[in-house]
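Everything below concerns the one structure shown next.
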Amino acid sequence: MSKKYNVFGIGNALVDIVTEVDDKFLESHNIEKGLMTLVDEDNQTRISNAINMNNSNKQCGGSAANSIIAVSQFGGSSYYSCKVANDEFGHFYMQDLNANRVESNLNEDDLEAGITGKCLVMTTDDASRTMNTFLGITSTYSRAEIKEDALRDSEYLYIEGYLVTSENGLDAMKHAKKLAEDNGVKTALTFSDPSMVKYFKEQMESVVGASVDLLFCNEEEAMLFTDKDNLQEAREELKKAAKRFVITQGENGAMIFDGDTFIDIEPYNVHAIDTNGAGDLFAGAFLYGITNGHSFADSGKLASLASSKVVTQFGPRLEWQQAKEVLNNLH
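The numbering of the sequence shown is the working numbering, which starts it at 44 and goes up by one.
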């Protein structure tokens, strides 16, 4: 019996506000260039007020959201479980998910009072990106946001590693994984960021449990999680934590373990101007591939090509037309 959704994602909901600034702007507001910094609401409001919002590009984001939208863009069916507030940005987030054909747990009548999470993405003309993130209401994401019927009716559960930092987020990750296991739904997990593995390793191990069906990580995360100082040993050790896994290697492509053998995915040589979101898109394209009849090798090629396209432009997402072109290249 076929499932309604290819992928059911859980993760943070942040409205990405992408804008161009100069170095002087960053200096005058004491913003560390090139880093992602968590800030409080006052700080973010102060910076937002100094930016020309009319010239800024807004879109719904968050790591797993970008992956889930990619599944939809390639022609898959996806669902996103997240939390936004009953404010202007919350309504925008919901409309943008709908516009991207992603179903979700969000309902205008049920939104709570509060402030929707936002990520100010400030780009300078040297292609550097500086991010200031205020999590807002998404920091209270919990198992209450997980619509169990939709999860049961999915082929894969996709868990964003960033949720590991709060008790309620960690509980939601474990709860979703148990629900998936009880209902024959496969579990995919992304470590999200080396800092999540470095500082929350014990919590991450508690989510992985006996094993996950599919793990996404980069080289640094693979070595941190396995306590190995080279990739050969790390990938052998990872077999204990995941039945199958993908290790992205930036400009060197990716390495996939399909449960039996290792598959090397060749990189596409491009001039990268913005690598933010490349990993999210890789995961989304790969999940689309394996849930829509493509082999692990072909899904890896699709994901590699998609992420090579996205790094040549600003923002973590492809346009719909670009996604179609990437897909046509595979056939």
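Glycine is no exception: its CB is placed at the ideal position from the N, C-alpha and C atoms. This structure is a prediction, so every number in the text was calculated from the model and none was measured.
Considering only residues of the same chain and omitting the five flanking positions on each side of residue i, which have a CB-CB separation below 8 Å?
i	result
K286	S254, V255, D256, L257, G302
N226	L194, R195
L345	F117, A328, F329, Y331, G332, H337, V369, L370, L373
Please report the residue range of the beta strand (DSSP E) in which residue i lies.
i	result
N100	100-104
R195	That residue, R195, is in no beta strand (DSSP E); its alpha helix (DSSP H) goes 191-195.
K47	Premise fails: K47 is in no beta strand (DSSP E) and is neither H nor E.
Going by DSSP, name the residue or residues bridged to residue i.
i	result
R287	L257
I306	I299
V229	The residue you asked about is not Val; residue 229 is Lys in the sequence shown. Y199, per the DSSP bridge assignment.
F268	Note: F268 sits in no beta bridge, so no partner.
G52	Y123, Y201
A128	E155
Assuming residue i is part of the alpha helix (DSSP H), what are its boundary residues?
i	result
F32	Because the chain here runs from 44 to 374, residue 32 falls outside it and cannot be looked at.
I333	321-334
D139	131-142
E294	No alpha helix (DSSP H) contains E294, which DSSP labels as neither H nor E.
D236	Counting along the chain, D236 falls outside any alpha helix (DSSP H), and DSSP gives it neither H nor E.
D341	339-353
Output needed for residue i: all residues of its chain with C-beta closer than 7 Å, excluding positions within five of it in sequence on either side, in chain order.
i	result
H114	Before going further, note that residue 114 is Val rather than His in the sequence given. If we look at V114 and ignore the five residues flanking it on each side, its Cβ neighbours are N49, V50, S121, G327, L330, Y331.
H218	R186, I189
D152	none
T291	N261, A297, G322, F325
K380	The requested residue 380 does not occur in the structure, where the chain is confined to residues 44 to 374.
Excluding the 5 residues preceding and the 5 following residue i in the sequence, name in chain order all residues of the same chain whose CB lies nearer than 6 Å to its CB.
i	result
D59	Q102, G104, C162, V164
M137	L149
What are the complete alpha helix (DSSP H) segments, minimum 4 residues, inside the region 54-125? The qualifying runs are 66-71, 84-93, 106-116.
Below 8 Å, can you find three or more Cβ-Cβ pairs linking the region 70-83 to the region 106-114? No, they do not touch.
Below 8 Å, can you find three or more Cβ-Cβ pairs linking the region 264-283 to the region 205-216? With a cut-off of 8 Å, the region 205-216 and the region 264-283 do not count as touching, because too few Cβ pairs lie within range.
Beta strand (DSSP E) runs contained entirely in the region 144-207, provided each spans 3 or more residues: Scanning the region 144-207 from its first residue to its last, the whole beta strand (DSSP E) runs of 3-plus residues come out as 145-147, 160-166, 172-177, 197-203.
Per the contact definition of three or more C-beta pairs closer than 8 Å, is the region 89-96 in contact with the region 152-160? No, because fewer than three Cβ pairs between the region 152-160 and the region 89-96 fall closer than 8 Å, the two stretches do not touch.
Decide yes or no for the touch test of the region 180-189 against the region 118-138: beta carbon pairs closer than 8 Å, at least 3 of them. In short, these stretches touch, since the Cβ pair count reaches three.
Would you check if there are 3 or more beta carbon pairs closer than 8 Å linking the region 298-314 to the region 337-349? Put simply, the region 298-314 touches the region 337-349. At least three CB pairs are less than 8 Å apart.
With three or more beta-carbon pairs closer than 8 Å as the criterion, would you say the region 169-178 touches the region 195-202? No, they do not touch.
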